[in-house]
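Have a look at the structure below, then the notes.
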Amino acid sequence: MLSLVRALGDEFIVVCQEFFSRDIKPPMPVIFIPAEADLAAAAGKAVKKATGDWILMLTSNENISSSDCEAVKRLSRNHAVEAYYLIAQNKLEPGALGKYERIANKGKYSNRKVQIAGYIPAMEIRFFQKSVFKKIFSVCDDSIHINLIDNHRGIAHSGIRLITQKDAEAYTGGAREEENHRKDFMRFTHQDEEIPGGNNASEMNIFGTVGFSLISEKDLPSLEAGLEMGFGSINLFNWAVHQLIKKGRYNLAVSLAEKVISRFPGNYEIWHLRGIAFFYTLNLVDAEKSMKKALEQNGKDKTTLSDLARVLIASGRLNEAIVVLEKVRDIHGLTPENEYILKAIKNKSGKTAGISLLMLCRDEEEYLERALKSVKDLVDEIIAVDTGSTDKSLEILEKNGAKIIRHPWNDDFSEARNAGLDHVTHDYVFWMDADEFLEDKTRLSFYVFKHLLPINEKQAVIFDVKCFFGSLEATNLGIPPTDIIKRTSIFPNLKTVRFQGNIFETVEQSLAAAKIPVIFAENIFIKHHNDNNEFRNRRKISAMFKSGTASHRPEDFFRNTIFWLDAGNVLEAADWFEGAVIKADGDRKYLDIICRLFSSFALNGKICPDSRIFRELLSRYGNSYRIASLCADCLYRFKEYSQAAELLKKLASPEYQPPHNARDHDLMRNNWLMLSMASLELDDYETSDSMLDLLSMDNKTADTARAVSFYKAIRVKDLDAAIAVLDKWIRERNIPIRSTIDDFAGFIRLIGDIAEVAAKYGQTDAGKVLLRSAEYFTSTITPMAQITPA
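Numbering of the sequence shown is given in our numbering, commencing with residue 21 and proceeding in unit increments.
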């Protein structure tokens, strides 16, 4: 380190750690910065002390060769670049590993076990201009190392100009023969742009091969140049290949893996990764060769052996797969999945089962190609039941060799699917719709699983279906953006197995009647995207109300309610909401979503006291303080003052459990306000005054005091004072903003109602106040509640 300081540095600034000895005297003045819990803050103090334009950040156990010192000096002359990535070829002593582990496990990474190996390279911004220090550290964690995994996107957006390959060649000597000058430099080409794949960054080990969760085709020239120049460890490139495989770029992964193999031919992991990339493309011959080459290097690796067994199964060589899996069992033991596979292979006899894909279709051109591509080479025939497509769906089906069955739509999903079953010719049926698809890694598992399906002894298979509902409004209303349901997706082609239920159809009942066993496939997923296909949703609604029955899952009703709200069709949404309330049947776990949707419909005037949905809500959820409060609000807004007052009096009685949180306490105060107003309408001054007294005692907020002042002014007919209070209340924007849409929207409506009361008593300026409250409402409320009344 000291020799480096002599060759390169103009000053030496030390952030003290316990292993640094103050007895060491460098050949220049030393500035000591005490280490703190927040290492980034300590580094910041150190940089403030620095007088140079450029800063090189190193740890005490790091060094740079003399030739690379000259390269660093040349880099600093390029002022068009503000920061450089350096690769630290970490060959750390055991004592130094503890320091890295402590840093790595600080802050937001403290909940994960971080493994630090002595040979792992850490690529970080270590050489930068002092002027950009704040930009870099404003997006880094509390580690003194600026790690790119969580910070690279922020750095790119902050405008820091990063090194390019051209810069590296120009400022490190130019010619490739000068390998020493370029040895420890690496770059990425994405400058000042959003990094593809950045959302996967958190999956990386923070001291691993940094940045490769962000890999794209733009990075490959730099990686390949690095291979040719001789820098970067095998771990760096293995991780890059691994990331390409994760992103589904299998051909690129194979290409890069082959270049890595040319430099590191003896590394078994890169051979294994190459085999995986081939396997995902169902190139079984090359996959097997690569797996076996990996086992030549490490014949006991459990993962490689298990993957080789799957390749052999997919190739139909079951006896060879048994030998490999038994070797895994003898060396490592079997995972539950491998145990099942071994048992299934031993019990299997005869040829591989044939599978027919059964699909319903109607105007699905947008997603149909994706669905069919995901099952290519996996199924033996495609049976598509088309119920009247007018777009290019039929053309796409014909291009992919599907057998098209034209069938009229009769508001019955089971009828349409069963019409397709009559044309199936293979052993098993796999049903999946056009807005669904198999993931790439699922394709691999499916292909292996297909070879395990018995032909003589029939069985059915359950897959997980990952449902994605990409609606921000749905998320705001408490509906998770994703859901996983289990569905019997593969079943034997038997005349006794048929779909049942005209909506949310299943084959479970007929499978049970036929005594066909059902198993669950853990590693096979179907992805389903709610793509807002209006016809598909109309079909569901039509089928639902034709039968009077529906799904056993209220969530399906709530999601379709959101769909129609998003589409602006409030009447359709209200029908679904009514079904949701009936299906939820008083289950209190749905209270939050019901309250939020109730408020949305109330804003549109689509729920009135004489509607069926109002009666269902009150009868099934009337014991809920929030639901009863919303019903009272609805009654009041429709000027049913007597019924509103009656319900509000019940809410004030011991019959209802008192609120336990701030939200419900605010709601209780609103109910007192509303009861006071309803009582005024009914000339029940005694009740109105008692509510004012309650509000006076509940004087926790200035808003309550203002409300009481307003009502007292109204009661004594001091209209000027009343309007002054209300006008000031709204102008100062001290209206409490609630945590939920329904409370806030209800409160704003109450303000409008108060202004109407003032107008009733002859104060014409109340209209201005009401207008101001409406303007405030539209500028503040969240988008979901901005559904203006008709």
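Note that beta-carbon positions come from the ideal geometry of N, C-alpha and C, so glycine has one too.
- Bridge pairing for D406: C381, R426 [DSSP].
- Per DSSP, reduced to three states, the secondary structure at D447 is coil, with no helix or strand assignment.
- When the alpha-carbon of W596 is set against those of I582, A373, A436, the nearest one is in I582.
- Annotation for F257: the continuous alpha helix (DSSP H) segment containing it runs 254-266.
- Following the DSSP letters along the chain, one finds F457 inside the beta strand (DSSP E) bounded by residues 456-458.
- Counting only the Cα atoms, L585 lies some 32 Å from E666.
- Of the candidates Y661, C615, I633, the residue whose Cα lies closest to the Cα of S644 is C615.
- By the Cβ criterion, the segment 447-458 is in contact with the segment 380-393, since at least three pairs of Cβ atoms, one from each stretch, lie closer than 8 Å.
- Judged by DSSP in its simplified three-state form, A480 adopts strand.
- For Q149, the pairing in a beta bridge is given by DSSP as W74.
- Burial state of V305 is exposed, judged by a 10 Å Cβ sphere holding fewer than 16 other Cβ atoms.
- For Q529, the enclosing alpha helix (DSSP H) covers residues 528-533.
- The alpha carbon of F578 has as its nearest neighbour, out of L617, N690, K313, the alpha carbon of L617.
- For E415, the secondary structure class from DSSP, reduced to helix, strand or coil, is helix.
- When DSSP states are grouped into helix, strand and coil, H548 belongs to the strand group.
- The straight-line gap separating the alpha-carbon atoms of A533 and G521 is approximately 16 Å.
- With a 10 Å radius around the Cβ and a threshold of 16 neighbouring Cβ atoms, S708 comes out buried.
- Exposure of G268 is indicated by the presence of fewer than 16 other C-beta atoms within 10 angstroms of its C-beta.
- I425 is classed as buried because its beta carbon has at least 16 other beta carbons within 10 Å across all chains shown.
- Inclusion of I351 and R330 in the CB contact set at 9 Å is not warranted, their separation being larger than that value.
- A contact is defined here as three or more CB-CB pairs under 8 Å, and the segment 364-374 meets this definition with respect to the segment 460-475.
- In the DSSP assignment, K396 falls outside any alpha helix (DSSP H) and carries neither an H nor an E.
- Distance between L264 and D653, taken at the CA atoms: about 56 Å.
- Residue pairing from DSSP places I510 in a beta bridge opposite F450, V481.
- Nearest to V590 by C-alpha distance, out of G599, S620, K603, D605, is S620.
- A distance below 7 Å between beta-carbons, with the five flanking residues on each side excluded, links L338 to the following residues of its chain, in chain order: I365, K368.
- The DSSP-derived three-state label of I375 is strand.
- By the neighbour-count definition (other C-beta atoms within 10 Å, threshold 16), R437 is a buried residue.
- With respect to G295, D327 sits close: the two C-beta atoms are nearer than 9 Å.
- If you ignore the 5 residues before and after L302, its C-beta comes within less than 7 Å of the C-beta of D397, Y467, all in its own chain and listed in chain order.
- For F658, the CB contacts under 8 Å within the same chain, skipping 5 residues up- and downstream, are C628, P629 in chain order.
- Taking the CA atoms as reference points, Y448 sits about 16 Å from T526.
- Excluding its 5 nearest sequence neighbours in each direction, E340 has C-beta neighbours in its own chain below 8 Å: L332, listed in chain order.
- Minimum Cα-Cα distance from A541 among the listed residues M711, L668, L464 corresponds to L464.
- Distance from the CA atom of G421 to the CA atom of M311, rounded to whole angstroms, is 34 Å.
- Annotation for R283: the continuous alpha helix (DSSP H) segment containing it runs 270-283.
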